[in-house]
Amino acid sequence: MAGNSGMEQLILIMNKLQEACASSGTSHRFDLPQIAVVGSQSAGKSSVLENFVGKDFLPRGSGIVTRRPLVLQLLTHPSEFAEFGHLRGKKFTNFDEVRQEIENETDRLTGKNKGISNVPITLRVFSPHVLNLTLVDLPGMTKVAVGDQPPDIEQQIRAMLFEFISKENCLILAVSPANSDLANSDALKIAKEVDPNGTRTIGVITKLDLMDQGTDAREVLENKLLPLRRGYIGVVNRSQKDIEGKKDIAAAMAAERKFFLSHPSYRHMAERMGTPYLQRCLNQQLTNHIRETLPSLRSELQTKLLAMESDYKVYMNFNPDDPTIKTKAMMTFINQFTEDYLQAIEGTGEVSTKELSGGAKINTIFHERFMYMLHQTESDERELRKEISYAIRNIHGIRTGLFTPDMAFETIVKKQIARMKEPTLKCVDMVVEELINVVHRCTTKMSSYPHLQEAVESIVTNRIREQESKTKTQLMLLVDVQLAYMNTNHEDFIGFANAQQGADTSRKERLGNQVIRKGYLTLNNVSMMRGGSKELWFVLTAESLSWFKDEEEREKRYMLPLGGLKIRDGESRLFGKKNVFVLFNSEGRNTYKDYKYLELAAETADEVDSWKASFLRAGVYPERETKENEELEQDTSGSTDPQMERQVETIRNLVESYMRIVDKTQRDVVPKTVIHLIVNELKDFLKTSMLASLYGGYDQNQLMNESPEEAAKREETLRIYKATKDALKILSEVSAGTSYTPTPPPVRDDWIQPDHHPPPHPPSHPPSNPPGGGGGGTNSGPGGMAPSPAHGRRTPVQQRPAPPPPGGRQGPPSRPAPTVPGGGHGFARPPGPPPPSGQQPGSLPPPMVPQKPSGNFSAFGQQAQQAQQTAQQAQQAAQQAQQAHATYQAARPYIDAAAPYAQAAGKAAKSAADAIFSMRPSGGSGGGSSGVPQIPARPNMG
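Under my numbering, the first residue of the sequence shown is numbered 1301, with each subsequent residue one higher.
1) How many Å lie between Ile1717 and Lys1726 at the Cα?
2) Is it buried or exposed, Tyr1672, if we count other Cβ atoms within 10 angstroms and call 16 or more buried?
3) Check whether the segment 1972-1992 touches the segment 1707-1717, counting contact only when three or more Cβ pairs, one atom from each stretch, lie closer than 8 Å.
4) Opposite Thr1376 in the DSSP bridges: which residues?
5) For my contact list, Asn1879 and Ala1902 are in at a C-beta cut-off of 8 Å; report their separation, rounded to the angstrom.
6) Here's the rule I'm using: 16 or more other beta-carbon atoms within 10 Å means buried, otherwise exposed. How should Met1707 be labelled?
7) Applying the 10 Å Cβ sphere with the 16-neighbour rule, what's the burial state of Asn1953?
8) Which whole-angstrom value is the C-beta distance of Tyr1895 and Leu1883, which I expect to be below 8 Å?
9) Taking 8 Å as the CB-CB cut-off, is Gln2165 touching chain D?
10) Judging by CA-CA distance, which residue of Ile1688, Thr1406, Val1970, Thr1593 is the nearest neighbour of Leu1775?
11) Give the secondary structure of Ile1625 by DSSP, where H, G and I count as helix, E and B as strand, and everything else as coil.
12) Could you say if the segment 1526-1546 and the segment 1488-1505 meet the contact criterion of at least three C-beta pairs nearer than 8 Å?
13) Quick one: which unbroken alpha helix (DSSP H) runs of 4-plus residues sit fully inside the segment 1523-1604? Chain order, please.
14) How many Å lie between Gly1440 and Arg1557 at the Cα?
15) Consult DSSP for Val2232 and reduce its assignment to one of helix, strand or coil.
16) For Asp1804, collect the residues of the same chain with a Cβ closer than 8 Å to its Cβ; drop the 5 residues on either side in sequence, then sort them by chain order.
17) Thinking just about the alpha-carbon of each residue, which of Lys2210, Thr2187, Gln1643, Arg2019 is nearest to the one in Glu1609?
18) At what residues does the beta strand (DSSP E) containing Gly1297 begin and finish?
19) In its own chain, which residues sit with a C-beta less than 7 Å from the C-beta of Ile1695, not counting the 5 before and 5 after it?
20) What distance in whole Å lies between the Cβ atoms of Ile1634 and Leu1991, which are believed to be in contact at a cut-off of 8 Å?
21) What are the boundary residues of the alpha helix (DSSP H) that includes Gly1996?
22) Tell me, please, whether the segment 1512-1524 touches the segment 1544-1562 by the rule of three or more beta-carbon pairs shorter than 8 Å.
23) Which full runs of the alpha helix (DSSP H) of 4+ residues lie inside the segment 1714-1777, going along the chain?
24) Using the rule of at least 16 other Cβ atoms within 10 Å of the residue's Cβ for burial, across every protein chain shown, is Met2245 buried or exposed?
25) Confirm the yes/no value for this check: CB of Ala1474, any heavy atom of the ligand FMN, distance under 7 Å.
26) Mind checking Gly1697: buried by the 16 CB within 10 Å criterion, or exposed?
27) Just curious, the beta strand (DSSP E) that Leu1471 is in, first and last residue?
28) Locate the alpha helix (DSSP H) running through Asn1694, then write down its first and last residues.
29) Alpha carbon to alpha carbon, how far is Glu2006 from Glu1463? Give it in angstroms, no decimals.
30) According to DSSP, which residues form a beta bridge with Glu1383?
31) Just verifying my parser: in three-state terms, what is the DSSP assignment at Pro2103?
32) Assuming contact is defined by CB atoms lying nearer than 8 Å, are Ile1461 and Leu1438 in contact in what I supplied?
33) Between the segment 1998-2015 and the segment 1781-1794, do three or more beta carbon pairs fall short of 8 Å?
34) Using beta-carbon positions only, say whether Ile1453 and Ala1459 come within less than 8 Å of one another.
35) List the whole-angstrom C-beta distance separating Gly1819 from Leu1862, where the pair is believed to meet the contact cut-off of C-beta under 8 Å.
36) What residue range is occupied by the uninterrupted beta strand (DSSP E) comprising Glu1899?
This is the structure in structure tokens:
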């Protein structure tokens, strides 16, 4: 018989895959094709499953009874027993013990307080009365917590249901009671959420016998109300009284059959209702569903196997109890940590494209953040003049000074130098913080050994802290050195003569109008109509800030002069992800058109710091808090002493010249000191002393103790890898075991030498044809005459006799030609003799043993080629036959439903014929002389 016989074993193959996952002990679940049973409490889910098995084996009671998913595998087997996945090899023949074991296993994981768990229980039931089927019985949906259940029990159950039914490979068996409104069905509601088109949902209506008098569920079962693609099936379960009375399930099934046949609303669909039909339907639909999902499942498993290949190679030969392996592993981890640290600092390792880190971040701290913080400590023009004025007056005391005092210069310079301590210390703190982040990132590879990771981080961090203290001491010493002596003979110092002439070369004059920085920024506070709220290309020079549409710099939007501008930090907008800084005019004028300030935003804080440092180079300094600006303005503007004005101007020029020298020295010395005392020293420590510190202060065995999480991860990886490999092996068997086997082609046997047997004698009394009928028997005369053609009802193909060959020659017997559905005879029947005596007309001839032809073998080659063509035609015919068979299976329910009407119509036709022929006058069948047509003889209506 043509067909894919391997597909009949698909459910068993899926069971093997589930067993492979369960035997691995992994919590990972493959997305295997399955049927999940959902419904509210007391909807009849357990009764439906027990009817499939024919035994009482599921826990019963009030409240939540099913508190863990139950994977029920029904397997056809000559004997009847059950077996649990967690108790392999132990057979349960008493199904009361099965119920008790389900309760015990549930309580073992969830306790006795009605709690739930998503870890499934696997139960295999072997029985001759079941079809191969796998279902997952899920906890019933509830609304109110009972007993010691948590208040969110409803949400927990919904989450568990969604974990199963949200997978595309899961069919949903939605069980709803008929004695409640279907529009309020919890099962259909939750199925609709994950399967809005109803393509994966199979509806089951229970408790049809408990509906109110005069009501029925006919429209639901006919799939007219709330239709599903796979339809609804009605069942009648045992009542609570029947269960308590130990009513036999077989008797309940018979009562269910009787109910559907006798109920006026369901009798026309009785063949498509009931538990046996539901079991057959689920078996067929699950098989088809598995067949459809096999290609995607195989692809998913192959992808997962490749992803785990590298981890599997690491864990495959690992033995955590081997001391040699522990020592080697520790050495490997320390060397890897040292290499990762060096690469992070030098920038030779894995390069991040999302943020600055390691050496690049430290470089930014030195040359952008630290420089910006130094400029923030400087006094602005007003504040500096105020301080100089106060210093000169206080030094003169009660005297009126004629000359500019040196003490005023020294006092102001010392105050300015002392302000450098805070940004210097803050620079060290930022570098240390980044180094600790680098160490933490480099030790993440040791997470499998938490004691080792903790020890390494502790040793390295302590070392960094020690060097941090030394570095800060050294840098404060350098500041104190600057405070100790003012070198007014420095070659870059302008001296008093030049200071009095105001000889000051500004930064802008030295820079010219060169480009300082380019990049994308966003105008945050400018409306989109005016070109804001989107990224533009900005170009900063020593004299102006320009922005363009894009980096090609063809379409200039605006050019803003930098004169009188200040810079300050801005606040990010609500829900804004960008970092902001602000440009404004120090004199209160509009900065850009009618905007008082210009708010610029960049993607990261590092970009903002870089832009602020670039504005410092262009002479745009940060805003300072000067609460006494107004008082200062009054003090300085109100002074009418020209001598004091000259002294203040001279000291200001001297202070600015000297502080430029100190600032340059500080910006050069601080990075060098930090790199030498912290970064490079830590490199040397890791290379030379790290292992000694580990061996000297820690126990090696304790350091190399594997974490429980890592041990679980290793075992989990090995188990998942094994389960995935076993699953692929099982699926490869599916490919080999489900190949298509076509119908063998007919044999061309015209080359066989005929056997010379005397022809059989025709029967002495050949059957006569009825009036108007066709020749149904063998009607061969002595001369081999062909029977007369039929003129009545067509005789079936298999009952037609073969026509005699021309010339009366008897040909060899042959295999009958196959019948192709809808296509007639695929091959012509070769001529042959009439059937021998004792053989029914039209039946198969006796088997013949072909004889090897003697003579010309080239004719045999031609016949072999013809046989190959015939085989191809036969394969096409077999495919058509499969399609016809499928069409017949689809139409079979309608044919069965129409059978009673056809029988009734036949009886009515026979009664009408009897009534007509009862009026026939006697006197023969010939026509009367009166010319009135006579009723013909009554045919045989049987």
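Here a beta-carbon is modelled for each residue, glycine too, at the ideal position from N, C-alpha and C.
Checking against the coordinates, here is how it stands:
1) Their Cα atoms are separated by approximately 16 Å.
2) Buried, by the Cβ-count rule.
3) no
4) Ser1427
5) 6 Å
6) exposed
7) buried
8) The pair is not a contact, with the Cβ atoms about 10 Å apart (cut-off 8 Å).
9) Here chain D cannot be found, since the structure has a single protein chain.
10) Val1970
11) helix
12) yes
13) 1540-1544, 1549-1562
14) 27 Å
15) At Val2232, the pLDDT of 45 sits below 50, so the modelled position is not reliable and the matter cannot be decided from this model.
16) Because the pLDDT at Asp1804 is just 40, under 50, the model does not fix this residue reliably, and the point stays unresolved.
17) The candidate whose alpha carbon is nearest that of Glu1609 is Arg2019.
18) Examination of residue 1297 is not possible in this model, given that the chain is present from 1301 through 2242 alone.
19) Pro1705, Met1707, Ala1708
20) 6 Å
21) 1990-1997
22) no
23) 1721-1742
24) The question about residue 2245 has no answer, for the chain in this structure spans 1301 to 2242.
25) With respect to the ligand FMN, the structure offers nothing, as it holds no ligand at all.
26) exposed
27) 1470-1477 is the span of the beta strand (DSSP E), which, as asked, contains Leu1471.
28) 1681-1696
29) 32 Å
30) The partner list for Glu1383 (beta bridge, DSSP) reads Arg1424.
31) Reliability fails at Pro2103, whose pLDDT of 47 lies under 50, so the model's placement of it is uncertain and no value is given.
32) The question names Ile, but residue 1461 is Leu in the sequence shown. Contact: yes.
33) As far as the Cβ criterion goes, the segment 1998-2015 does not touch the segment 1781-1794, which means the pair count is below three.
34) no
35) Going by Cβ atoms, the distance from Gly1819 to Leu1862 rounds to 17 Å, so no, they are not a contact pair.
36) 1897-1902
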